[in-house]
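As structure tokens, the structure follows; a few thoughts come after it.
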Amino acid sequence: MSKILLLLEGFTEQKFIEIILAPHFQPLNVFLIPTILRTKRNPDGTVYKGGIIPYKRIKREVTLLLGDSSAQLVSTMFDFYALSDDFPGQETLPFPSLLQRATFLEQKFQEDINDPRFFPYFQVPEFESLLFVNPDELANHFALSRRERAELHDIRSSFST
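Here the sequence shown is numbered in my numbering, starting from 1225 and rising by one per residue.
Written as structure tokens, this is what we have:
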């Protein structure tokens, strides 16, 4: 059995892992365990999840996950555009392409964490944009009504890319 811990940006990524990826990997005896990054905790105990947070807090969360000795791998799933300015390598991004920049920052993040079980991943473009690539497939999968299907098409049509 292999256990992979995933630190995620938000609820959409969590649902993607739980509904799509985890069932695919489970028969292979690979278990994906998603955790949404906590952005804030109030004195009353209320916890907020998702959104942009400082690198220091992300590093702390990754380090906590790496403390689980039963995990074979730890990874992340963050939207590239939402990374904070204090991420390792942000000050020296040498590449014009978004994909090259994301790969460069993943490498710098991995170097900073310095654990062979850690493999960061940054999504280019924003993960949620992938949901609108084919609105009909999404509508079919979730058995959406005609009205809901039309709303998905309207959302997609409201963007030029």
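All C-beta atoms in this analysis are idealised placements derived from N, C-alpha and C, irrespective of residue type, glycine included.
C-alpha distance - residue i paired with residue j, whole-angstrom precision
i: Lys1279; j: Gln1314; result: Looking at the sequence shown, residue 1279 is not Lys but Tyr. Rounded to whole angstroms, Tyr1279 to Gln1314 spans 11 Å at the Cα level.
i: Gln1331; j: Asp1292; result: 22 Å
i: Phe1240; j: Ile1260; result: 12 Å
i: Pro1258; j: Lys1227; result: 11 Å
i: Phe1333; j: Ser1369; result: 43 Å
i: Asn1253; j: Tyr1345; result: 22 Å
i: Glu1335; j: Leu1288; result: 17 Å
i: Phe1328; j: Pro1312; result: 10 Å
i: Asn1358; j: Ser1384; result: 15 Å
i: Phe1366; j: Glu1372; result: 10 Å
i: Asp1268; j: Ala1246; result: 33 Å
i: Phe1343; j: Ile1379; result: 33 Å
i: Phe1319; j: Ala1326; result: 9 Å
i: Phe1255; j: His1248; result: 10 Å
i: Ile1277; j: Asp1310; result: 10 Å
Proximity below 7 Å, CB of residue i to CB of residue j
i: Ser1299; j: Leu1230; result: yes
i: Phe1304; j: Val1348; result: yes
i: Asn1297; j: Arg1341; result: According to the sequence displayed, residue 1297 carries Leu and not Asn. Yes; because the gap between Cβ atoms is below 7 Å, this pair is in contact.
i: Leu1290; j: Asp1339; result: yes
Rounded Cβ spacing between residue i and residue j (contact assumed at less than 8 Å)
i: Glu1233; j: Ala1306; result: 7 Å
Residue i classed as buried or exposed, judged by whether at least 16 other C-beta atoms fall within 10 angstroms
i: Ile1337; result: buried
i: Gln1389; result: For the chain, the structure presents residues 1225 to 1385; residue 1389 sits outside this window and is missing.
i: Leu1322; result: exposed
i: Ile1282; result: buried
Alpha helix (DSSP H) runs wholly inside the segment 1314-1341, at least 4 long, in chain order
1322-1337
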